[in-house]
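Colleague: For reference, the structure I am asking about is given below.
Numbering (this note's numbering), first residue to last: 414 to 520.
Below is the structure:
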């Protein structure tokens, strides 16, 4: 975990990391690490994600090479088929009329 915290501080990014701990009992945990490399929230998860469930019971370390210089590009990506595409959750409404303090609505 020290290496992960140092990498987040060096890159200046915030990460939410899910991980499985097997000793003394098996538990799915989640760590929120800020841009200063500090754990700001550490909690037990009720339900693991699909990826976390897929490696449960296997011994091993998951390695990934990530080029942190591309983080700005990744942060600008938007999930156009996920919850961002739902207008009931995210929408931009423009009212061309000047706003009034009190407005009567009719059905």
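For every residue, glycine included, the Cβ atom is placed at its ideal position computed from N, Cα and C.
From this set, 483, 430 and 417, which residue's C-alpha is nearest residue 455's C-alpha?
Modeller: Position 42 of the chain shown holds residue 455. Checking every option, the nearest Cα to that of residue 455 belongs to 430.
Colleague: Check whether the Cβ atoms of residue 434 and residue 442 sit closer than 8 angstroms, and answer yes or no.
Modeller: Numbered from 1 along the chain shown, position 21 holds the residue referred to as residue 434. Numbered from 1 along the chain shown, position 29 holds the residue referred to as residue 442. Closer than 8 angstroms, so yes.
Colleague: Does the Cβ-Cβ distance between residue 448 and residue 414 come in under 8 angstroms?
Modeller: Your numbering for residue 448 matches position 35 in the chain shown. Your numbering for residue 414 matches position 1 in the chain shown. Cβ distance not < 8 angstroms, so residue 448 and residue 414 don't count as in contact.
Colleague: Which of helix, strand or coil does DSSP assign to residue 477?
Modeller: Counted from its first residue, the chain shown places residue 477 at position 64. Three-state result, residue 477: coil.
Colleague: Return the bridge partner residues of residue 431 from the DSSP annotation.
Modeller: Position 18 of the chain shown, counted from the start, is the residue given in the question as residue 431. Answer by DSSP bridge pairing, in chain order: 443.
Colleague: Whole-angstrom Cβ separation of residue 484 and residue 426, contact assumed at under 8 angstroms?
Modeller: For the purposes of this step, residue 484 is taken as residue 71 along the chain shown, with counting starting at 1. For the purposes of this step, residue 426 is taken as residue 13 along the chain shown, with counting starting at 1. 6 angstroms between Cβ atoms; contact.
Colleague: Distance, Cα to Cα, residue 514 vs residue 428?
Modeller: Here residue 514 corresponds to residue number 101 of the chain shown, with the count starting at 1. Here residue 428 corresponds to residue number 15 of the chain shown, with the count starting at 1. Residue 514 and residue 428 have their C-alpha atoms some 41 angstroms from each other.
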